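**Student:** Pasting a structure below so you can have a look.
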Amino acid sequence: MKRSRVLAVLVGGVFCVVVMSLYRMLDLMQGAELQQHVETPDGQDLSRLQQKIDRLEQLLSDNNRLVATLRDSLLQRKAPWERGGGANVSSDSSHSPADTLRGCRLAEEMKDGADGVQLLDVYDVLPFDNRDGGAWKQGFEIRYQGNEWDEQPLELLLVPHSHNDPGWLKTFDSYYQDQTKLILNNMLLKLTEDSRRKMIWAEVSYFSKWWSDIDEQKREMVKRLVKAGQLELVTGGWVMADEANSHYFALLDQLIEGHQWIQRHLGVKPRSGWAIDPFGHSPSMTYLLKGAGLQDMVIQRVHYAVKKHFAQQRTLEFLWRQSWDSSPRSDITCHMMPFYSYDVPHTCGPNPSVCCQFDFQRLPGRRVFCPWRIPPQPITEQNVRERALLLLDQYRQKSRLFRSPVLLVPLGDDFRFVDSSEWDAQFSNYQKLFDYFDQHPELHIKARFGTLSDYFEALHRRLSTAGTSLPTLRGDFFTYADRDDHYWSGYFTSRPFYKRLDRTLESTLRATEILFSLTLAEMRRFHGDGRLVDDFPAREHFQRLMTGRRNLALFQHHDAVTGTARDPVVVDYGTRLFHSILNLRQVLQSSAHWLLLLDKSQYHHDQSKPFLQMDDVISAQDALPQKTPLTLSDEPRSLIVFNPTEQFCTSVISVGVDSPDAHVVNAETGRPMVAQISAVWAGPSQASTEAFQLDFVAELPPLSLVVYHVTKAPVGSAHRAQYTFHRRGNAPTIQAKHFQVSSPEGPEADAPLSLSNKHVQIWSSPETGLLQKLRLQSGLVRQVQVQFLWYGTRTRSNPNKSGAYLFLPGEEGAQPYSSSELPLVRVSRGPVFSDITSCFRHFTHRVRLYHLEGHAGRSLEISNMVDIRSEFNRELAMRIISDVANGNRFYSDLNSFQMQQRRTLSKLPLQANFYPMTSASFLQDAASRVSLLSAQSQAVASLKPGELEVVLDRRLQQDDNRGLGQGVTDNKLTASLYHLLLEDRRSGAQQEVGGASVEHLSLLAHLTSLSLSHPPITMVTQSNTEMPKLRPFLPLSSSLPCDVHLLNLRTLEDAQEAETPSQEVALLLHRKGFDCSSAPEPPLQCTWSAHEEVNLDDLFAPLQFGSVRQTGLTLLREDDEPESARQQQTPRITVLRPMEISAFRVEIS
């Protein structure tokens, strides 16, 4: 009480001081103005008045900030749960603008570190001149004296590996049968023969398949090899994941799947990361690896000019730190391979023609040979000295690029060590060389086979002894070029249909995980003794979940989601994704069925006649979902809507119906919902007479299942959309029997098209229907034009052309999309939404405004339906041209986890200025920000100030000489979905970290992106079944804070019984960092916290946790917090820092 009084007095005192100082400043300003007035002509009165207002506004703003800072510093001293107000600060309209952004300060505080190397700054100074470096073509000549190792001998670790792609030229299963199985069988035999032999393995997808094929005796042999340190599983992911297109949910999920498998079957935990083939590297992946308990990692595919620079600086080993983190908490030790590739010719040293002579799989008479035409020689007593000295020279040259005398040399390539003869050739010949080194101490080298852990242990030991520290680095390694101007920005978009299907499975999997976990918890609570319902197929459903996890995980492979596999392999991946979506839908339907029943005894599981069905059908792996029209009558049809997000949301639910007259009510309250009937267009101007689209506004509590009733309404009683058609020249013939249709003529036909809701107004071209201008409720107006473009590729005279990996556009650059006839433009207006649809030959483009109160009404929904199957060597792009003065800087996301500043550089070719975008990019200046939020990953660029463009699809007839052996010609009818958001910025201040400003999405953008990635899921009851009584399922009493994202609620596998659900659930929470400079008016109706500590019991009330164990990101038991720190008592307080993901193993009681 006393503390509260002191607080009140202090705040009151500060307020008085502020008011008095403002009054005094105003007084002084007026005095000064009167003095000046004598000397200045009257014509300047208005400008003086404007200056005075500006200065007053600035003073008010500074004082607001002062008050907020003082108040925060006082409040910080008192924990939120002690104040009795909960952990969250509500954002309602009673707060001042300074107050509504209080939580973002925490994110600001983390952005103060400016030490170390910032990759953006490296790009600014690099000449990118691609000079010929001699033997090391992309590097330089390396010199040494020969006495550098006299004091500390060179410690060499040769690390045998075999890179096994889980699908590329062959399918996963074909590779396994033809190669991988033989490699692992031989590994078991050959490592057992000699304890000095070592091997690393990365892909758990293959290892687990092989494990299920071998007997118990061989499994024990594997465990012995792992325990002895001869075999190391590195990274431990299900695959070696792509780091450009993958969403962080899927990156973490495949890591969890791999780590859980390794712990269960081998009882160990991965310690080192191995990413030698992903086409560029992201710090989001390093964050996940560090959170999963890894300390060290190796990367390979980095721009050759960056590698050369790092080699010159001897910074190829560094501490990779998150851009937003000023502490070393997220640091991971990273080793960058210096040369062109991870194969043997490019790993022993700078000269590939020499290194190739030490790849003993290329001995004369074998299937592989050296392109430099100097073959390897078997090591004999006669040649061992000459061979050893030749190899040592390469080792020494490579060693001069690093700061320690420990040297990592990988030994392997794609699908190596298939034949037992290769194992013998490599291991026996290298052992002879190592033995020679040992017998000649004057050479000052100790060489042995090793694993990654062996290498990093030796490295840290040597660095520690010498007192050497590694430099810190921030940033990412996109966009990758392996030679010349060959930038790998094509794969950011290749096979966009499957990139979209990937995200559909991801959102379906997350929704199913959460609902299944809640269902099991609710069943145990219902019974009171922890039992599940006998008729509920929990084990079968859990197996469907496991398969879904593994198929999503497999698709994160760097030749899958990238779109860089052969056509039959793509079909295999697509089929896996498709089947998992169908199987997970069964789990969703079954879980929702049980949760909704008022009388649980009525539950009966019958897979042949499910109680609930989805409202759409996906007919094949390469087909888009189609709505199934509901047959309406006077009897209500039940619609069940699941909100998979942790936020209360107002959403538009769209279902197909067989009548233009429909009525929707909330089944529990009987309240009618705002609805509209729209046409289902069979062609641009031909509406179906049998199917209609019903859209209604649903209010959905977090993680809820809400029941709505749909009935046939009296004729003409439902709100129907009204349509206006525009086309220059020949007017279209319109068939739309049930709808009011018009075609304007004369001056009206030339007027810009305009749509508006409470938050935003848009203007579009009457000729094309494409967006031209936006205006916010605040009065902010921005030119925001949408254009479409074609990119071609290089001419016939140039042998290098675009393909699945590379983007090599023609010299002419982008060409405006033009069509022989102008598009048909269809404008629709209704009470739920209004939109403008432009029907071009190669795409249908739609921009839609929702008439909603919540955040969904503040953005424009943009959708494209693209079909370029008729084209030859062309890529279609959508460009947004605005008057935002962003200079050469823009921001794109990395794996939907964080935003990364990009700089468009004129010294780089056009294709180098394209970057990966998983879900967001934006342009900004001091006054405004334009954000493009995406439901699928693709390439993004800002080639000129104010511009933002995304590549929609690519059709390329030729291979680009990176091993695939084909072009990209399996295009589909492909959908892409976006939200475009214009926001005011209150302050132009940006935080600089080593020259690069760290920015986050706004809270509004986070919420918009959340609803875009995780839309509500609609299910329907059968029309001919007698309806039991249903009630809504509302697991949470309120939304989570809007900066806290429920990443997953994942049921864990039982420790004793395989493929069976346990009572433990993985709770994964991600606290988003958000931007401080934009606060929408009116404020968002959600809460956030000004503190790092949150109360988990409050957050998830009325759910109760029987136990809560904080653990590593992959939920390994050995990463659990110590028993002494574990909180069995309530309230359970945990620390959630901005940007951080926290993982807990919980039992929901």
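All residue numbers for the sequence shown refer to numbering that gives the first Met the number 0, where the first residue is 0 and numbers rise by one. All residues carry an ideal CB built from backbone N, CA and C; glycine is no exception. Predicted model only: the values in this text are computed from it and were never measured.
Which value, in whole angstroms, describes the spacing of the CA atoms of Y174 and L388?
**Tutor:** 38 angstroms
**Student:** Quick check: what's the CA-CA separation for F359 versus Y429?
**Tutor:** 9 angstroms
**Student:** Which residues does DSSP pair with D892 in a beta bridge?
**Tutor:** According to DSSP, D892 bridges with M898.
**Student:** Could you tell me the boundaries of the alpha helix (DSSP H) in which N960 lies?
**Tutor:** Neither: N960 is in no alpha helix (DSSP H) and is coded neither H nor E.
**Student:** With H, G and I counted as helix, E and B as strand and the rest as coil, what does DSSP make of E1056?
**Tutor:** Correct three-state label for E1056: coil.
**Student:** Could you round the C-beta distance between A748 and P765 to whole angstroms and report it? I think they count as a contact, below 8 angstroms.
**Tutor:** In this structure, A748 and P765 form a Cβ contact; the two beta carbons are roughly 6 angstroms apart against a cut-off of 8 angstroms.
**Student:** Mapping the DSSP letters down to three states, classify Q606 as helix, strand or coil.
**Tutor:** coil
**Student:** For L693 versus V740, is the C-beta distance shorter than 7 angstroms?
**Tutor:** no
**Student:** Tell me which same chain residues have a C-beta within less than 6 angstroms of the C-beta of I617, skipping the five on either side of it?
**Tutor:** Excluding residues up to 5 positions away in sequence, P624 lie with their Cβ nearer than 6 angstroms to the Cβ of I617 in the same chain.
**Student:** In the DSSP assignment, find the alpha helix (DSSP H) that holds Y572 and state where it starts and stops.
**Tutor:** D566 to L595
**Student:** In or out: V239 buried (at least 16 other Cβ within 10 Å) or exposed?
**Tutor:** Reading the sequence as shown, one finds Met at residue 239 and not Val. Under this definition M239 is a buried residue.
**Student:** In whole angstroms, give me the CA-to-CA distance for V883 and F691.
**Tutor:** 40 angstroms
**Student:** Bridge partners of K222, per DSSP?
**Tutor:** Beta-bridge pairing links K222 to no other residue.
**Student:** Closer than 6 angstroms by C-beta to R868: which residues in its own chain qualify, once you throw out the five before and the five after it? Chain order, please.
**Tutor:** N970
**Student:** Quick check on R832: does DSSP put it in helix, strand or coil?
**Tutor:** For clarity, residue 832 is Phe in the given sequence; the question names Arg instead. DSSP places F832 in strand when its eight states are reduced to three.
**Student:** What is the DSSP secondary structure of R1144, reduced to helix, strand or coil?
**Tutor:** R1144 falls in the strand class under three-state DSSP.
**Student:** Per DSSP, what kind of secondary structure is T39 in: helix, strand or coil?
**Tutor:** Any reading at T39 must be qualified, since the residue scores a pLDDT of 38, below 50, and its modelled position is unreliable; the value itself is stated next. Correct three-state label for T39: coil.
**Student:** Just to confirm my understanding: we take R195, look at its own chain, exclude 5 residues before and 5 after, and list those with CB closer than 8 angstroms. What are they?
**Tutor:** Q430, R447 and F448
**Student:** Assuming H1069 and H1090 are in contact, meaning their beta carbons sit under 8 angstroms apart, how far apart are those beta carbons, in whole angstroms?
**Tutor:** In fact, because the Cβ distance is near 17 angstroms, the residues do not count as touching under 8 angstroms.
**Student:** Using the three-state DSSP reduction, which class does Q786 fall into: helix, strand or coil?
**Tutor:** strand
**Student:** Straight-line CA distance for T99 to Y602?
**Tutor:** Annotation note: pLDDT 44 at T99 (below 50); position unreliable, no value reported.
**Student:** So V709 and L629 are in contact, right, with Cβ under 8 angstroms, and what is the actual spacing, rounded?
**Tutor:** 7 angstroms
**Student:** Let's see if you can read the secondary structure: which residues bound the beta strand (DSSP E) around L955?
**Tutor:** Where L955 is concerned, there is no enclosing beta strand (DSSP E), given that its DSSP letter is neither H nor E.
**Student:** Which residues in the same chain as R549 place their Cβ atom closer than 8 angstroms to its Cβ, once the five residues preceding and following it in sequence are excluded?
**Tutor:** S204, W237 and E256
**Student:** What's the gap between the Cα of M296 and the Cα of T314?
**Tutor:** 15 angstroms
**Student:** Classify P159 as helix, strand or coil using the three-state DSSP reduction.
**Tutor:** strand
**Student:** Are the Cβ atoms of P409 and V158 separated by less than 7 angstroms?
**Tutor:** Yes, Cβ-Cβ distance for P409 and V158 is below 7 angstroms.
**Student:** For the ligand FAD, I want to know if S506 counts as a neighbour, meaning its beta carbon is within less than 6 angstroms of at least one of the ligand's heavy atoms.
**Tutor:** Inclusion of the ligand FAD in the displayed structure is not the case, the ligand content being empty and no account of it being possible.
**Student:** In whole angstroms, what is the alpha-carbon distance linking S3 and N1047?
**Tutor:** Reliability fails at S3, whose pLDDT of 47 lies under 50, so the model's placement of it is uncertain and the value that follows must be treated cautiously. C-alpha separation (whole angstroms): 39 angstroms.
**Student:** Look up E316 in the DSSP assignment and say whether it is helix, strand or coil.
**Tutor:** strand
**Student:** Reducing DSSP to helix, strand and coil, say where Q739 ends up.
**Tutor:** coil
**Student:** According to DSSP, what are the bridge partners of I676?
**Tutor:** L693 and R719
**Student:** Tell me whether the beta-carbon of R348 lies closer than 7 angstroms to the beta-carbon of Q393.
**Tutor:** Before going further, note that residue 348 is Gly rather than Arg in the sequence given. It is a contact, given that the beta carbons lie within the stated cut-off.
**Student:** I need the DSSP call for P815, collapsed to helix, strand or coil.
**Tutor:** DSSP, reduced to helix, strand and coil, places P815 within a strand of the structure shown.
**Student:** Could you pull out every residue in the same chain whose Cβ sits closer than 8 angstroms to the Cβ of R575, ignoring the five residues on either side in sequence?
**Tutor:** Spatial neighbours of R575 in its own chain (CB-CB distance under 8 angstroms, excluding positions within 5 residues in sequence) are listed in chain order as N550, L553 and F554.
**Student:** For E421, which residues in the same chain have their Cβ closer than 6 angstroms to its Cβ, ignoring the five residues on either side in sequence?
**Tutor:** Q360
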